[in-house]
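Asks: One structure coming up, written as structure tokens, with questions to follow.
Protein chains: 2
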Amino acid sequence: MASRREHSQDRDSWLAEALEMLRERGIDHVKVEPLAKRLGVTKGSFYWHFKNRCDLLRSLPEFWARSQTDPVLDQVETTNGGPIEKMRAVLEFIAREDPDRYDNAMRAWAQFDSEVAVAVAQIDDRRMATAQSLFEEAGLSPADAAFRARLWYFYDVGEHVTRDTPVSLEERLERASHRLKLLTSDLK
Amino acid sequence: MASRREHSQDRDSWLAEALEMLRERGIDHVKVEPLAKRLGVTKGSFYWHFKNRCDLLRSLPEFWARSQTDPVLDQVETTNGGPIEKMRAVLEFIAREDPDRYDNAMRAWAQFDSEVAVAVAQIDDRRMATAQSLFEEAGLSPADAAFRARLWYFYDVGEHVTRDTPVSLEERLERASHRLKLLTSDLK
DNA sequence: TAAGGACCATACGCGACCGTATGGTATTGC
DNA sequence: GCAATACCATACGGTCGCGTATGGTCCTTA
Numbered sequence: 128m129a130s131r132r133e134h135s136q137d138r139d140s141w142l143a144e145a146l147e148m149l150r151e152r153g154i155d156h157v158k159v160e161p162l163a164k165r166l167g168v169t170k171g172s173f174y175w176h177f178k179n180r181c182d183l184l185r186s187l188p189e190f191w192a193r194s195q196t197d198p199v200l201d202q203v204e205t206t207n208g209g210p211i212e213k214m215r216a217v218l219e220f221i222a223r224e225d226p227d228r229y230d231n232a233m234r235a236w237a238q239f240d241s242e243v244a245v246a247v248a249q250i251d252d253r254r255m256a257t258a259q260s261l262f263e264e265a266g267l268s269p270a271d272a273a274f275r276a277r278l279w280y281f282y283d284v285g286e287h288v289t290r291d292t293p294v295s296l297e298e299r300l301e302r303a304s305h306r307l308k309l310l311t312s313d314l315k
Numbered sequence: 128m129a130s131r132r133e134h135s136q137d138r139d140s141w142l143a144e145a146l147e148m149l150r151e152r153g154i155d156h157v158k159v160e161p162l163a164k165r166l167g168v169t170k171g172s173f174y175w176h177f178k179n180r181c182d183l184l185r186s187l188p189e190f191w192a193r194s195q196t197d198p199v200l201d202q203v204e205t206t207n208g209g210p211i212e213k214m215r216a217v218l219e220f221i222a223r224e225d226p227d228r229y230d231n232a233m234r235a236w237a238q239f240d241s242e243v244a245v246a247v248a249q250i251d252d253r254r255m256a257t258a259q260s261l262f263e264e265a266g267l268s269p270a271d272a273a274f275r276a277r278l279w280y281f282y283d284v285g286e287h288v289t290r291d292t293p294v295s296l297e298e299r300l301e302r303a304s305h306r307l308k309l310l311t312s313d314l315k
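So the protein sequences, as listed, match chains F and H.
One gets our numbering by counting positions in the first sequence from 1 and adding 127 to each.
One gets our numbering by counting positions in the second sequence from 1 and adding 127 to each.
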């Protein structure tokens, strides 16, 4: 138990590649043998690190949250300034980095797997709670801040989910600015 | 060409069942033999109506738009009153009927198929264009109305996409009312 | 340096689907 | 009443992926 690693590096390699495949082709194309081919090994390796395919799939949401969402929420806290400035920083960060790269694929998966749906809903809640606290900081009541946070967050979701063609960075920044103005013009 | 049906009834039966399966389990589970089993026939029937599985899948988006979205947009036009009243009517209709039952599954599919993505984007555009025209009727400039329509529509998308547990009718109506107020309080 | 464990390759049986080939039945036009 | 056609059942070969069994190769530790 002394030198026991919480997350094996090799296991995480499989998970990272699986997440990439999930993003590219959907969960039903995350299969053991094609995955092994992409990693340049055979499935003999896979069944060493995982009990079976289901074991891999059930480990994916935790890996997704750990590798994708945690860094973003950290970004929020390390920004200094008032709530509006924090929102602006978040919007710029999102517009530039597009950290939600895997979100759509996770949502697509969550449509058909209730456990995954719960995991994704928890992430949604964490993000909306952050937004709500910022609106409360800006002077809104908890109830009003909660709804404003929904509107705030759902715009993100809508932008990602309805996008079939890529949007330029300028356009994304323009929309972010417009959105910030519309949702915070009555505050401060 | 005289008595030729535009859409065969039997073909539509396969499409309707396929759409249902798409909603329940995702596009990769829309398979010929399970589908035939659900319809109580064998796949010999399928390959009479369709060239192959790909033929079925490529026919699904058109069927979806024809059977799901067209009726909703008709509903918008047949309502009389000002733009705000029309919006209220639309919100109530959506909150009660939930006509977007298949939207999530289509979006999930569109994530991994660019042709489907285009078809869904066209539906999104039609719906947002309708919303935009209502906001213009209410006095906004085309540019402002366009953005307001995005905010309006993305809230719908967000509500549907992030929902893991069902929401009561009362709650849905309450949110619809709140949303209408927040997005139209400065108009008229 | 021998033993044990970590890690991976190979080979096999199995089931789920796909698409085709072929034959059967029932209805319709003439 | 007889074809032609619409529609469906059955049977088959082929592919893909799962999971297991088994053996090989390092690398560590005593």
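We treat Cβ as the ideally placed atom computed from N, Cα and C, and that holds for glycine.
Note that this is a predicted model, so its numbers are computed, not measured.
In whole angstroms, what is the alpha-carbon distance linking residue 206/H and residue 254/H?
Replies: C-alpha separation (whole angstroms): 16 angstroms.
Asks: Smallest Cα separation from residue 152/H: which of 236/H, 203/H, 214/H?
Replies: Minimum Cα distance to residue 152/H is reached at 236/H.
Asks: Just the Cα atoms here: how many angstroms apart are residue 238/F and residue 232/F?
Replies: Each residue's Cα considered, the two are about 10 angstroms apart.
Asks: Got a sec: is the Cβ-Cβ distance from residue 229/F to anything in chain H below 7 angstroms?
Replies: Cβ-Cβ to chain H under 7 angstroms: no for residue 229/F.
Asks: Quick one: Cα of residue 171/F to Cα of residue 160/F, how far?
Replies: Near 10 angstroms, if we compare the C-alpha coordinates of residue 160/F and residue 171/F.
Asks: So is residue 143/F buried or exposed if we call it buried at 16+ other beta carbons inside 10 Å?
Replies: Under this definition residue 143/F is an exposed residue.
Asks: Rounded to whole angstroms, what's the CA-CA distance from residue 137/H to residue 269/H? Just pull it up for me.
Replies: Those two C-alpha atoms are separated by around 44 angstroms.
Asks: Please classify residue 279/F: is it buried, with 16 or more other beta-carbons within 10 angstroms of its beta-carbon, or exposed?
Replies: Looking at its Cβ environment, which holds 16 or more other Cβ atoms inside 10 Å, residue 279/F is buried.
Asks: Quick one: complete alpha helix (DSSP H) runs, 4+ long, within the stretch 245 to 294 of chain H?
Replies: Here the runs fully enclosed are 269 to 288.
Asks: Report the residue from 312/H, 306/H, 310/H whose alpha carbon sits nearest the alpha carbon of residue 222/H.
Replies: That would be 306/H, whose Cα lies nearest to the Cα of residue 222/H.
Asks: Can you tell me whether residue 275/H is buried or exposed, with buried defined as 16 or more other CB within 10 angstroms of its CB?
Replies: Buried, by the Cβ-count rule.
Asks: Can you give the Cα-Cα distance for residue 286/H and residue 304/F, rounded to whole angstroms?
Replies: Approximately 23 angstroms, taken between the alpha carbons.
Asks: Just checking: is the beta-carbon of residue 305/F within a distance shorter than 7 angstroms of some beta-carbon in chain H?
Replies: Taking Cβ atoms only, chain H reaches closer than 7 angstroms to residue 305/F, which makes this a yes.
Asks: Pull up the distance between the alpha-carbon of residue 295/F and that of residue 224/F, whole angstroms please.
Replies: Computed Cα separation, rounded: 12 angstroms.
Asks: Distance, Cα to Cα, residue 176/F vs residue 267/H?
Replies: Residue 176/F and residue 267/H: Cα-Cα distance of roughly 59 angstroms.
Asks: Starting from the C-beta of residue 244/H, find all residues in its chain whose C-beta is less than 6 angstroms away, skip the five residues before and the five after it, and write them out in chain order.
Replies: 237.
Asks: So what's residue 299/H in DSSP terms, helix, strand or just coil?
Replies: It is helical.
Asks: Out of 258/F, 272/F, 311/F, 215/F, point me to the one whose CA is closest to residue 299/F's CA.
Replies: Ranking the options by Cα distance to residue 299/F, first place goes to 215/F.
Asks: Please report how far the alpha carbon of residue 288/F lies from the alpha carbon of residue 313/H, in whole angstroms.
Replies: Computed Cα separation, rounded: 28 angstroms.
Asks: Quick check on residue 228/F: does DSSP put it in helix, strand or coil?
Replies: The answer is coil: DSSP assigns residue 228/F none of H, G, I, E or B.
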